[in-house]
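For reference, the structure is listed below as structure tokens.
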Amino acid sequence: MQVRNVIRVMVAAALSVAGVCSAQSLDDLNLQIHGYATQGFLYTTQNNILTGHSSDGEPAWSDVVGNVTAVPDPKLRIGVQLRYFMLGNLGKDITLDWASADYKVSDKFGARFGKVKTPSGLFNDIQDIDPSYMWSLLPQSIYPISSRNSVLAHYGGVVYGSVPVGERFGRVEYRGWGGERNLSADDGYFTNFREQGINLKDGLSGPTSGTSLHWRTPLPGFMAGATLSHSNEWQGALVDTYIVPAGPAQGVTITTSGTMVLNPINVLSYYARFERKRLMVAGEYERLAGSYMLRGLAPAPGRFDQRPWYAMTSYKVSQKASAGMYVTQEVDHQALLGPARFFKDWAFSGRYDFNAFLYAKAEQHFIDGTSVGYDIDANPHGLKPDTRLTLLKLGVSF
Amino acid sequence: MKNFLLFAFLLAVASVFSVRGSAQVIVIANPSVKSGEVTKDTLRDVFSGNASSLKDGSRVVPVLLKDGPTHQAFLAEFVGKSDSAFKAGWRSLVFSGQGSMPKSVESDAAMVEFVAHNPGAVGYIDKSSPHDGAKTLRVY
Numbered sequence: 000m001q002v003r004n005v006i007r008v009m010v011a012a013a014l015s016v017a018g019v020c021s022a023q024s025l026d027d028l029n030l031q032i033h034g035y036a037t038q039g040f041l042y043t044t045q046n047n048i049l050t051g052h053s054s055d056g057e058p059a060w061s062d063v064v065g066n067v068t069a070v071p072d073p074k075l076r077i078g079v080q081l082r083y084f085m086l087g088n089l090g091k092d093i094t095l096d097w098a099s100a101d102y103k104v105s106d107k108f109g110a111r112f113g114k115v116k117t118p119s120g121l122f123n124d125i126q127d128i129d130p131s132y133m134w135s136l137l138p139q140s141i142y143p144i145s146s147r148n149s150v151l152a153h154y155g156g157v158v159y160g161s162v163p164v165g166e167r168f169g170r171v172e173y174r175g176w177g178g179e180r181n182l183s184a185d186d187g188y189f190t191n192f193r194e195q196g197i198n199l200k201d202g203l204s205g206p207t208s209g210t211s212l213h214w215r216t217p218l219p220g221f222m223a224g225a226t227l228s229h230s231n232e233w234q235g236a237l238v239d240t241y242i243v244p245a246g247p248a249q250g251v252t253i254t255t256s257g258t259m260v261l262n263p264i265n266v267l268s269y270y271a272r273f274e275r276k277r278l279m280v281a282g283e284y285e286r287l288a289g290s291y292m293l294r295g296l297a298p299a300p301g302r303f304d305q306r307p308w309y310a311m312t313s314y315k316v317s318q319k320a321s322a323g324m325y326v327t328q329e330v331d332h333q334a335l336l337g338p339a340r341f342f343k344d345w346a347f348s349g350r351y352d353f354n355a356f357l358y359a360k361a362e363q364h365f366i367d368g369t370s371v372g373y374d375i376d377a378n379p380h381g382l383k384p385d386t387r388l389t390l391l392k393l394g395v396s397f
Numbered sequence: 000m001k002n003f004l005l006f007a008f009l010l011a012v013a014s015v016f017s018v019r020g021s022a023q024v025i026v027i028a029n030p031s032v033k034s035g036e037v038t039k040d041t042l043r044d045v046f047s048g049n050a051s052s053l054k055d056g057s058r059v060v061p062v063l064l065k066d067g068p069t070h071q072a073f074l075a076e077f078v079g080k081s082d083s084a085f086k087a088g089w090r091s092l093v094f095s096g097q098g099s100m101p102k103s104v105e106s107d108a109a110m111v112e113f114v115a116h117n118p119g120a121v122g123y124i125d126k127s128s129p130h131d132g133a134k135t136l137r138v139y
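So the sequence lines, in the order shown, correspond to chains A and B.
So the first sequence is numbered by numbering that gives the first Met the number 0: it starts at 0 and just counts up by one.
So the second sequence is numbered by numbering that gives the first Met the number 0: it starts at 0 and just counts up by one.
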């Protein structure tokens, strides 16, 4: 289903570009091609995290992105972006990041349609754009990289604009969106299910909508905002494969079909950012509570109530060097007591821009708890309650 | 000690002149732009991709110099960002499908040429550069 949608959008975008190109010269179109590529290296103590062999040191983290955009009319912009992503066993595929037509009537109102980035929270729509921020990993409690490709875009539309609220009160930027989202079958949210033999054949899909308000306050560089997003009931077919471990039927494979149903859910987040000269300070809090059913497999619903947050700061040491740190925490108030109930991470980060195109990053994480980013299969001797994670990254963009 | 004080004095003098040097940038626009002035906040929004019109309703398109002291001075004086932070902001827009990178030109002469012939174009040059065909915007 998702593949068909991707193909439809790509064909539509290609036809649009071709149609426009035939009518105007390339210069008139302001045709632009941009891209970036990053290569990361991970080393961990205690547990393997994000990749299967990170405790040995592993360069299994690559992103290659390319896009084409055209501006056939001052108010209209069309474009498409493709990505190759690989992090351990995640990704290893070329996917459509976005493909959209954007019509901006004025600063007060614009709209884009197609596969579009979902503008929730402080970082959601740019969480995959490594060259645009100094961190190697964004706070994983709110922006888990294992689910990045599923949550950063949706099929549908976004309306946006900026409205002044008076000289003394700054201005308000709004974003509203609606459409359909698909959490792919290999998404990080389903890691635990997969390890129990439960596979969602086509992932989980359903309608999504939301709105974000950003208040650019009269205090220069200070923005405060909130996002409310809503998902209707999402469904996905699943297959449970169970191999009888002992007894007369030992080794027999039992397969059961069912449906995973994620009940309607609201996600509310609050955030703020202050930027002044070389200093940046930001923070975000989110509440994600809901339940799901595994129809055909389990009679009782599964419940979750996550309350992640982070606080971060960075400082531009020189024209080329930046340094920063953040602390982030997530606790699932519905989970059993123990390290799997929470995740806490202190991260210290640095970035150096060699020139306008080439940069390097280094980051050290001190992680307690195992509720985010862990794959039990990658840690056959059991999960330890804490991990040190060292990241190195080299990136190039044009 | 005397040498240190002399060095500190020269450093202070140099910094004053460097600040004065950064003010030698003027903002120019295509004559189609109605207004003759623009606030610093609006100019920063236009060059950061957050706005595409001035308060008088004129639709504007920012144009950049590729690099050099005038570009650095403009960013420091009117945008409040280093070149790397400025480019990082535009990359956020370009790679999230929310914007296209502004056109950039090699020299003041090329900037004047482009701004003079493209409706809505807004750019910046060194104050001493000729700018026939383009109007000057007062920034306040």
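Heads up, the beta-carbon is just placed ideally off N, CA and C, and yes, glycines get one too.
Quick one: list the residues of chain B neighbouring A/I128, beta-carbon separation under 7 Å, in chain order. R90, S91, F94 and S95
N- and C-terminal bounds of the alpha helix (DSSP H) containing B/V93: D82 to F94
Close-in-space but distant-in-sequence residues of the same chain around A/I32 (CB under 6 Å, 5 per side omitted): V67
Host alpha helix (DSSP H) of A/D106 (start-end): Run containing A/D106: none; DSSP gives neither H nor E here.
So with Cβ pairs under 8 Å, would you call A/P71 a contact of chain B? no
With a threshold of 16 other CB atoms inside 10 Å of the CB of B/L53, please say whether the residue is buried or exposed. buried
Is A/G51 close to chain B? Criterion is C-beta to C-beta, closer than 8 Å. no
Can you check whether the CB of A/V158 is closer than 8 Å to the CB of A/L212? no
Identify the contact partners of A/S131 in chain B, using a Cβ-Cβ distance below 8 Å as the criterion. A87, G88, R90, S91 and F94
Please state the DSSP three-state secondary structure of A/S348. strand
Partner residues on chain A for B/A84, Cβ-Cβ distance less than 8 Å: K315
Output needed in chain order: residues of the region 350-372 of chain A with a Cβ under 7 Å from some Cβ in chain B. D352 and A355
Identify whether A/G246 lies in helix, strand or coil by the three-state DSSP scheme. coil
Please report the distance separating the alpha-carbon of A/I144 from that of B/S95. 17 Å
Short of 6 Å in beta carbon distance, which residues of its chain neighbour A/D344, apart from the five on each side in sequence? Order them along the chain. T327, H364 and I366
Is B/P118 near B/S34, with beta carbons less than 8 Å apart? no
Under the three-state reduction of DSSP, which class applies to A/F303: helix, strand or coil? strand
With a cut-off of 8 Å on the beta carbons, I'd call A/F84 and A/N181 a contact; round off their distance for me. Between A/N181 and A/F84 the Cβ distance is about 16 Å, and since that is not below 8 Å, they are no contact.
Contact check, A/K114 vs A/A98 under 8 Å by CB: the rounded distance? 5 Å
Roughly how many angstroms separate the alpha carbons of A/A248 and A/T254, rounded to a whole number? 14 Å
DSSP three-state label for A/P338, please. helix
Is DSSP giving A/H213 helix, strand or coil here? strand
Apply the 10 Å Cβ neighbour rule to B/Y139 and answer buried if 16 or more other Cβ atoms are within range, or exposed otherwise. exposed
Extract the residue ranges of the alpha helix (DSSP H) inside the region 10-97 of chain A, only unbroken runs of 4 or more that lie entirely within it. 25-28
Going by DSSP, which residues form a beta bridge with A/T398? As displayed, chain A neither begins before 0 nor continues past 397, which places residue 398 of chain A out of reach and without an answer.
Just verifying my parser: in three-state terms, what is the DSSP assignment at A/G357? In the sequence on display, residue 357 of chain A carries Leu and not Gly. A/L357 falls in the strand class under three-state DSSP.
For A/R272 and A/S135, what's the separation of their Cα atoms in angstroms? 19 Å
Counting only Cβ pairs nearer than 9 Å, list the residues of chain A close to B/A50. D106 and S161
Do A/G56 and A/A69 have their beta-carbon atoms positioned less than 8 Å apart in this structure? no
Evaluate A/F353 with the Cβ neighbour count: other Cβ atoms within 10 Å of its Cβ, from every protein chain shown; 16 or more gives buried, anything less gives exposed. exposed
For chain B, find out if any of its Cβ atoms is closer than 8 Å to the Cβ of A/R76; answer yes or no. yes
So what does DSSP say about A/N198, is it helix, strand or coil? strand
Given a cut-off of 8 Å on the beta-carbon distance, is the pair A/K315 and A/R277 in contact? yes
Excluding five sequence neighbours on each side, which residues of the same chain lie with their C-beta closer than 7 Å to the C-beta of A/F189? L199
So is B/I27 buried or exposed if we call it buried at 16+ other beta carbons inside 10 Å? buried
Specify whether the region 47-61 of chain A and the region 68-80 of chain B touch according to this definition: at least 3 beta carbon pairs, one from each stretch, less than 8 Å apart. no
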